[in-house]
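Inspection log for the structure reproduced underneath, given as structure tokens.
Number of protein chains: 2
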Amino acid sequence: MNGATRQLPGRADHAAVRRANLAVAVRALRAGERSRAQLAADTSLTKATVSSLVTELAGRGLVHTARPTTTAVDAAPAPNASNARAGAVGRPGQPVELATGRVLAIGVELNVDYLCGVVLDLGGRERVLTRTAFDVPAGVDATADEVARLVTELADRALADSAFATANDPAVLAGVGVAAPGLVDGTRGTVRVAPNLRWRDVPLHDLLADRLAGHVLPWLPGESRPWDDRLLVDNEATLATLAEFAGDGGPDERDLVLVTGGVGVGGGLVVDGRLVRGSGGFAGEVGHLAVAPDGDRCGCGRRGCWETLCGLGALLDLAAPPNDPVHRHDLDLDERLDLLLDRARNGDERTLTAFDRVGRALGHGASMLVNLTNPRVLVLGGYFARLGEFLRPVVESELAARVVAPDAGGVRVTLSRLGLAAAATGAAHAVLAPVLDDPTLVPPLTGQASTAAQSPTSAVPETPTLAEEIG
Amino acid sequence: MNGATRQLPGRADHAAVRRANLAVAVRALRAGERSRAQLAADTSLTKATVSSLVTELAGRGLVHTARPTTTAVDAAPAPNASNARAGAVGRPGQPVELATGRVLAIGVELNVDYLCGVVLDLGGRERVLTRTAFDVPAGVDATADEVARLVTELADRALADSAFATANDPAVLAGVGVAAPGLVDGTRGTVRVAPNLRWRDVPLHDLLADRLAGHVLPWLPGESRPWDDRLLVDNEATLATLAEFAGDGGPDERDLVLVTGGVGVGGGLVVDGRLVRGSGGFAGEVGHLAVAPDGDRCGCGRRGCWETLCGLGALLDLAAPPNDPVHRHDLDLDERLDLLLDRARNGDERTLTAFDRVGRALGHGASMLVNLTNPRVLVLGGYFARLGEFLRPVVESELAARVVAPDAGGVRVTLSRLGLAAAATGAAHAVLAPVLDDPTLVPPLTGQASTAAQSPTSAVPETPTLAEEIG
Ligand SMILES: [Zn+2]
Ligand SMILES: [Zn+2]
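Chain order of the listed sequences is P and S.
Under the working numbering, the first sequence has 543 at position 320, and the numbering climbs by one with no breaks.
Under the working numbering, the second sequence has 402 at position 179, and the numbering climbs by one with no breaks.
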């Protein structure tokens with residue numbers, strides 16, 4: 224009797240039904256190629272409907288319906304893809320496959336000392352991944368310049384790579400998502416407060432829109448200027464949560480809490496399959512939960528915030544004296560965490576005690592989130608995931624002690640596998656989602672392209688997968 | 224660009240569209256009678272569709288389409304209603320009105336020392352309200368007997384009152400919702416843990432189903448036994464939250480947090496228009512948030528739980544010595560709170576200090592909920608609402624200090640107006656919701672009833688509104 228939780232049903236019309244069915248078909252095909260008959264079985268739609276949907280999707284270049292017969296290959300991980308044949312109409316028994324390169328989405332995370340960029344394709348697969356050192360707090364304008372430069376570079380690389388482009392029907396960009404470590408007014412794309420960047424009221428959306436307006440990007444057509452429609456700025460933990468949620472798609476992800484550790488501690492909630500953003504977009508501000516009323520002073524000016532107990536600074540101070548190399552900012556964080564992991568595995572008392580104290584504080588705060596939302600999964604992200612072999616058992620025992628529901632409400636503690644790319648990946652997912660919800664946002668292929676699709680000898684040179692990490 | 228938060232679209236078919244449109248029409252009519260033309264304008268549906276919907280709703284007895292011409296009146300607050308004419312077909316310009324008495328819903332709250340019962344009609348209006356002293360912790364079976372007795376009494380009174388009944392087409396019960404103060408497994412309707420009742424693993428749903436099976440209740444037809452389909456048991460704070468949310472229907476209610484004070488402290492979340500239940504139904508367990516790590520021992524066995532700081536016990540202990548009448552359990556709680564209010568208004572130092580300390584603790588915990596979910600509104604319920612004139616300003620200043628988002632994320636602090644009936648009211652809303660989501664659950668009127676509807680002289684005796692409170 225869960226009807227009480229349903230939303231007020233909206234008006235439904237035939238066009239909306241059609242869009243919803245196209246979306247269902249695209250999401251089903253994201254799991255892998257299948258015949259029309261399989262697609263009908265998977266979606267509970269009739270075969271006639273599925274045929275009509277596949278024809279429309281092919282006309283928009285979103286699926287291809289015949290196996291490749293040429294050397295033209297898509298650079299996507301699925302080696303059989305041939306976007307050059309996107310418009311071809313295959314036999315009914317032949318597999319239908321998502322033309323993943325037709326739509327791309329760019330995600331960028333800016334953080335204290337780096338920029339991370341990701342390109343996802345329509346299938347949600349990573350096409351490009353870069354991470355570069357950058358001193359964001361040094362200047363707002365310089366950061367906006369550099370993010371705009373990174374976006375155009377990512378777009379160029381992804382498009383060269385997509386092997387989809389024809390003269391008339393290039394791959395299109397669903398949008399650009401930008402993740403920032405702070406409170407973001409999502410409506411305007413303004414970073415209201417970002418203590419670690421020393422930013423306050425930075426109109427990041429507008430700064431980027433001005434810069435991107437000067438570049439010829441292959442945006443998806445929008446109702447207004449594409450850099451208004453298609454450029455999203457949001458909080459990094461919120462977007463990292465979206466990335467966790469957009470991952471494997473299992474039922475566990477419909478109710479999860481992410482807690483991610485860095486200099487700050489961020490959080491995000493997914494409830495019943497929906498990311499909780501809050502009325503002003505400020506949900507998930509867990510780093511400053513007043514966990515220890517008489518605790519240490521936090522960067523925000525308050526006392527005893529959760530991140531003073533289990534942020535990276537607290538861990539490092541507990542684990543090693545000031546002159547220890549784990550404090551050296553010029554070393555990559557992964558290396559410094561490896562040092563600590565080595566010591567802990569060798570039984571070093573101070574390191575183990577530090578892990579235990581941080582784990583207890585992490586579990587204490589996490590128990591509040593679990594008591595409040597009763598998630599199926601608590602995902603530990605950022606440095607918490609890296610130290611998961613030591614932190615997870617402590618967190619689990621704190622949850623067992625502190626959560627009121629029987630068996631801690633059934634929550635399972637897992638470790639994120641997205642590493643430092645989580646927020647950028649989530650930012651790309653965020654701008655891809657509207658296309659998945661409404662595939663008719665993608666324009667139909669032009670006549671020339673349809674011809675091209677029937678002439679598979681218009682070969683596109685084979686290119687390697689560009690997924691790579693620049694340290 | 225909120226598309227990222229949308230759910231995966233489900234398969235839509237014509238029957239689903241029809242149900243959704245019927246639901247939209249019923250919800251629009253809950254706001255008041257209107258002509259078909261107004262209804263079309265309000266719902267963005269075509270006039271032809273609206274006409275067809277109204278005809279179907281009339282055929283199910285859910286609307287009447289002509290003004291009454293007889294003395295038969297509905298007992299609902301809307302004095303023009305005439306359910307005896309439910310099937311009549313009026314002229315296009317005539318108003319369409321919800322036949323609110325066609326479907327009724329019963330809600331019961333059992334708590335430490337009372338049972339509260341509510342009957343709502345299809346319009347969400349209160350038809351009956353009772354509250355009686357009962358010693359619930361004294362016995363599980365005795366409580367189940369008494370709740371079953373109360374349910375049948377409420378059904379009898381509401382049906383006698385509804386003025387809808389004809390021999391063939393009586394008013395029907397959407398269901399019975401039961402609110403309990405503890406952790407409830409909503410799937411099985413089992414109360415897992417209810418410390419204040421000293422209950423553990425009480426199969427309340429099954430105990431009530433056994434007892435109600437012996438009564439001839441006019442249940443809405445169900446796919447299985449009606450007492451499985453239509454009998455819901457859930458946590459009292461969750462259901463109280465649903466009642467707040469089901470209230471006026473303004474946009475504020477789409478993102479709210481309820482914190483309700485009694486012996487325990489309960490909470491509930493509404494996010495983006497949806498009640499958060501949690502993966503196991505255990506969401507909103509805020510009373511045992513570990514707010515003061517080294518605080519007093521709580522009834523749950525832990526230390527420093529939020530309710531040890533701002534539950535009713537904490538307030539009374541702070542406010543008055545043990546021999547003070549505010550501690551007398553034989554006095555009604557409202558009277559005891561009035562004593563405290565009088566003292567505070569007269570400037571009594573001890574009372575004011577107690578209010579201040581409780582308010583600060585309330586604000587401290589509430590700031591965690593606000594940081595996490597960024598609601599539009601924080602609703603104070605239970606005794607917090609009663610003492611709102613003193614507690615609210617303190618809570619507001621704590622939120623201003625402790626919430627990280629600018630202006631406390633824009634949250635507004637309001638006082639519940641539902642008093643002690645909140646949970647029972649929410650329980651009734653919960654079982655009414657499936658009918659609002661799918662009006663086709665209500666069977667069509669039989670032929671005889673249609674005839675009756677065209678013979679409005681089959682008058683039903685006028686009865687007074689039965690809304691009343693038994694102290
Ligand atoms: Zn802080
Ligand atoms: Zn407790």
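Glycine included, C-beta positions come from ideal geometry on N, C-alpha and C.
Predicted, not measured: the structure shown is a model, and the values here were computed from it.
Minimum length 4: unbroken alpha helix (DSSP H) runs contained in the segment 446 to 511 of chain P: 449 to 452, 459 to 468
Any non-hydrogen atom of ligand 1 closer than 7 angstroms to H511 of chain P Cβ: yes
Cβ-Cβ separation, G490 of chain S to V509 of chain S (assumed contact under 8 angstroms), whole Å: 4 angstroms
For T353 of chain P, three-class secondary structure by DSSP: strand
Chain S contact for F607 of chain P (CB, 8 angstroms cutoff): False, the Cβ-Cβ gap to chain S never drops below 8 angstroms.
CA nearest to the CA of P426 of chain S, picked from S:R520, S:L440, S:D457: S:D457
Neighbourhood of R421 of chain P by C-beta, 6 angstroms cutoff - its chain only, sequence neighbours within 5 removed: Result list for R421 of chain P: P360, in chain order.
Interface partners of L512 of chain P on chain S, CB under 7 angstroms: M591, N594
Interface flag, D344 of chain S vs chain P, CB-CB below 8 angstroms: D344 of chain S does not count as touching chain P.
The segment 330 to 349 of chain S / the segment 639 to 653 of chain S touching (three or more Cβ pairs under 8 angstroms): Output reads yes: the segment 639 to 653 of chain S touches the segment 330 to 349 of chain S.
L443 of chain S versus A656 of chain S - alpha carbon distance: 13 angstroms
Per-residue DSSP class, three states only, for L535 of chain P: helix
Any chain S beta carbon closer than 8 angstroms to P393 of chain P: no
Inter-residue Cα distance where the pair is V296 of chain P and P318 of chain P: Caution is warranted here: a pLDDT of 38 is assigned to V296 of chain P, below 50, making its placement in the model unreliable, and the coordinate value is therefore given only provisionally. Roughly 17 angstroms separates the two Cα atoms.
Reference T586 of chain S, options S:D565, S:L479, S:V636, closest by Cα: Position check: residue 586 of chain S holds Gly in this sequence, whereas Thr was assumed. It is S:V636.
V654 of chain P: first and last residue of the uninterrupted beta strand (DSSP E) it sits in: Looking at the DSSP string, V654 of chain P is not in any beta strand (DSSP E); the run it does join, the alpha helix (DSSP H), is 645 to 660.
Selection of the segment 428 to 441 of chain S by Cβ proximity to chain P, strictly under 8 angstroms: none
At least three beta-carbon pairs within less than 8 angstroms, the segment 590 to 610 of chain P to the segment 480 to 495 of chain P: yes
For V600 of chain S, the first and last residue of its enclosing beta strand (DSSP E): 600 to 605
Backbone secondary structure at P300 of chain P - three-state DSSP: A caution first: P300 of chain P carries a pLDDT of 39, below 50, which makes its placement in the model unreliable, though a value can still be read off. DSSP places P300 of chain P in coil when its eight states are reduced to three.
Residue closest to R165 of chain S, alpha-carbon to alpha-carbon, out of P:L562, P:A624, P:H438: Because chain S here runs from 224 to 694, residue 165 of chain S falls outside it and cannot be looked at.
DSSP state of L563 of chain P mapped onto helix, strand, coil: helix
Start-end ranges of the alpha helix (DSSP H) lying completely within the segment 564 to 640 of chain P, minimum 4 residues: 572 to 596, 606 to 609, 611 to 625
Stretch pair the segment 627 to 641 of chain S + the segment 373 to 382 of chain S: three plus CB contacts closer than 8 angstroms: Not touching, per the Cβ criterion.
Rounded distance between the beta-carbons of G398 of chain P and L462 of chain P, thought under 8 angstroms: L462 of chain P to G398 of chain P, Cβ: 13 angstroms. No contact.
A543 of chain P in three-state terms, based on DSSP: coil
Partner residues on chain S for V509 of chain P, Cβ-Cβ distance less than 8 angstroms: Chain-ordered, the chain S residues with CB closer than 8 angstroms to the CB of V509 of chain P read N594, L595.
Test item: CB-CB of L280 of chain P and A248 of chain P under 8 angstroms: Between L280 of chain P and A248 of chain P, the gap from beta carbon to beta carbon is short of 8 angstroms.
Neighbouring residues, chain S, relative to G503 of chain P (Cβ below 7 angstroms): N597, A628, G632, G633
Beta-carbon proximity of A402 of chain P to E467 of chain P, cut-off 8 angstroms: no
Closer than 9 angstroms at the beta carbon, the chain P residues around P516 of chain S: V514, A515, P516, H587
Chain-order list of residues whose beta-carbon lies under 7 angstroms from that of T663 of chain S (same chain, five-residue window excluded): R242, L245
A365 of chain S: contacting residues in chain P (beta-carbon distance under 7 angstroms): Under the 7 angstroms cutoff, chain P gives no residues; its nearest Cβ is about 25 angstroms from A365 of chain S.
Bounding residues of the alpha helix (DSSP H) (the contiguous stretch that carries G282 of chain P): 270 to 282
Beta-carbon proximity of V593 of chain P to L622 of chain P, cut-off 8 angstroms: yes
Test: R421 of chain P CB closer than 8 angstroms to a CB of chain S: no
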